[in-house]
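Enquirer: One point on numbering: in full-length UniProt numbering, the residue at position 80 of the sequence shown is 80, and numbering is uninterrupted.
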Amino acid sequence: MIKKLCSIIAILALILTLQSCATQPPPKETQLNHDELVKLFSTVRKAEYKNNRGIGILNYQPNGTHHFEKGNFSDTGNYRIDGDKMCGKWQKIRSGKEVCWNLYKISENTFQVIYTNGKDGGIITFK
């Protein structure tokens with residue numbers, strides 16, 4: 001009985017710990033909407049991308065292609081605007097699987113990426 005109770009307490013503690021690590025999205029009013037995304041990506045855009053794996057350079061083209069470089073690694077792919085979110089896939093990253101995210105404005109040229117699954121995707125700063 002005591003072992004079972006200890007196991008239940010340990011599981012509950014783990015669940016509470018994991019919940020506290022979940023990323024909370026920024027306030028909804030800072031999220032870019034469809035028109036703002038279209039305007040932002042209507043010209044060639046170069047950006048610094050920072051996440052928990054380091055810093056890389058992103059290049060977005062208005063035709064829906066994007067390029068990523070970090071050190072000796074580079075990749076190309078496609079992105080699209082889908083309502084108030086963006087979706088993209090790469091040839092190498094995530095084995096070509098498409099993911100979607102929302103952009104939240106932090107400052108004039110800096111945006112937080114939050115994937116639609118709620119995970120923090122990093123920070124993009126446009127040059």
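Ideal Cβ positions, reconstructed from N, Cα and C, are used throughout, including at glycine.
Helix, strand or coil: which one does DSSP assign to D120?
Expert: Within the sequence shown, numbered from 1, the residue matching residue 120 stands at position 120. Strand, per DSSP.
Enquirer: Assign Q112 to one of two classes, buried (16 or more other C-beta atoms within 10 Å of its C-beta) or exposed (fewer than that).
Expert: Residue numbering aside, residue 112 sits at position 112 when the sequence shown is read from its first letter. Buried.
Enquirer: Counting along the chain, where does the beta strand (DSSP E) carrying K39 start and finish?
Expert: Sequence index remark: in the sequence shown, residue 39 carries index 39 (1-based). Unbroken run through K39 is the alpha helix (DSSP H), H34 to L40; no beta strand (DSSP E).
Enquirer: How about G54 and K70: are their beta carbons less than 8 Å apart?
Expert: On the sequence shown, residue 54 is found 54 positions in, with the first residue counted as 1. On the sequence shown, residue 70 is found 70 positions in, with the first residue counted as 1. Yes, they are a contact pair.
Enquirer: How would you call H34, buried or exposed, if buried means at least 16 neighbouring beta carbons within 10 angstroms?
Expert: In the sequence shown, the residue the question calls residue 34 occupies position 34. Per the 10 Å Cβ criterion, exposed.
Enquirer: From which residue to which residue does the beta strand (DSSP E) around V113 run?
Expert: Translated into positions along the sequence shown, residue 113 becomes position 113. That run of the beta strand (DSSP E) goes T110 to Y115.
Enquirer: Under three-state DSSP, which class holds R94?
Expert: For the purposes of this step, residue 94 is taken as residue 94 along the sequence shown, with counting starting at 1. Three-state result, R94: helix.
Enquirer: Short of 6 Å in beta carbon distance, which residues of its chain neighbour K50, apart from the five on each side in sequence? Order them along the chain.
Expert: Position 50 of the sequence shown, counted from the first residue, corresponds to residue 50. G122 and I123.
Enquirer: Could you check the C-alpha separation between C21 and I81 for me, to the nearest Å?
Expert: Sequence index remark: in the sequence shown, residue 21 carries index 21 (1-based). Sequence index remark: in the sequence shown, residue 81 carries index 81 (1-based). Any reading at C21 must be qualified, since the residue scores a pLDDT of 48, below 50, and its modelled position is unreliable; no value is offered.
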